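Have a look at the structure below before the remarks.
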Amino acid sequence: MPHPHNEGALPDRSVPRESQPLSRTQNDLRDATELSETDASAEPRPAPGSAESPVITVCTKGPLLVRGDFLMAAEPGAEPLPPERKVIALCRCGMTSIAPHCDGSHKLAKVRAFMPRKDRD
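Here you go:
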């Protein structure tokens, strides 16, 4: 049974991934990636480690913590939302009820570690 906050069932593992339709989240990610690639030169980026540069920390079994000066838009192409905090936690498990923010649902779902494998290049 799919989680009530997911918008569909799990993908069919018997069908090659390339032939499965993209979910809304995957479409949003693809659109955001295309937008960021086309607009990459539109705004100068702060130098890494500068006071303006955000820092993203990957929590092993939890969210992404974003610290520093950053802007977040509700959807690709939308005006950025006014900054409310200097640190936010973004959900990676998909179980949150306050997307895109983490509400701790990963603890109840017993989510496995999200860290990338070290043997990948």
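According to my numbering, the sequence shown is numbered sequentially starting from -4. Quick reminder that beta carbons are idealized off the backbone N, C-alpha and C, glycines included. What you are looking at is a predicted structure, and each value in this text was computed from that prediction instead of being measured.
Pairwise C-alpha distance: residue j and residue i
| i | j | result |
| --- | --- | --- |
| P75 | K105 | 33 Å |
| H101 | I51 | 19 Å |
| P78 | G63 | 10 Å |
| S92 | G99 | 10 Å |
Chain-order list of residues whose beta-carbon lies under 6 Å from that of residue i (same chain, five-residue window excluded)
| i | result |
| --- | --- |
| F65 | P49 |
Residue nearest to residue i in terms of C-alpha spacing, selected from the options
| i | options | result |
| --- | --- | --- |
| A68 | G89, M90, P95, V82 | P95 |
| R80 | V53, T55, K56, V61 | V61 |
| V53 | D98, M90, A84 | A84 |
| V82 | C97, G89, M90 | C97 |
Beta-ladder partner(s) of residue i, from DSSP
| i | result |
| --- | --- |
| M67 | L76 |
| R62 | V50, V82 |
| H96 | L85 |
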